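Visitor: Just dropping this structure here.
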Amino acid sequence: MTVAFVFLAGMTLVSALGVVLSRSVVHSALFMAGSFLGISGYFVMLNAPALAAFQVLIYV
Numbered sequence: 150m151t152v153a154f155v156f157l158a159g160m161t162l163v164s165a166l167g168v169v170l171s172r173s174v175v176h177s178a179l180f181m182a183g184s185f186l187g188i189s190g191y192f193v194m195l196n197a198p199a200l201a202a203f204q205v206l207i208y209v
């Protein structure tokens, strides 16, 4: 559980930094999708699969 949290936290943080620091709009959009996938992983860890599905369906 801790390993999954650390992985998702790293993925979300790196993706969020990529959104801010990327000069290309396409790369920023891909980094944002990665960030949203990391957030949906948090929802899965919190036993809220419906929220994770909504996160993926609406934002990604």
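According to my numbering, the sequence shown holds residues 150 to 209 in order.
The C-beta atom is built at its ideal place from N, Cα and C for all residues, glycine as well.
Values in this document were obtained by computation on a predicted structure and should not be read as measured data.
Considering only their Cβ atoms, is the gap separating residue 151 from residue 184 smaller than 8 Å?
Guide: Not a contact, by the Cβ cut-off of 8 Å.
Visitor: Report yes if the CB atom of residue 180 is closer than 8 Å to the CB atom of residue 189, and no otherwise.
Guide: No.
Visitor: In terms of residue numbering, what span does the alpha helix (DSSP H) encompassing residue 199 cover?
Guide: Residues 198–208.
Visitor: In angstroms with no decimal places, state the Cα-to-Cα distance between residue 154 and residue 202.
Guide: Rounded to the nearest angstrom, the two C-alpha atoms are 18 Å apart.
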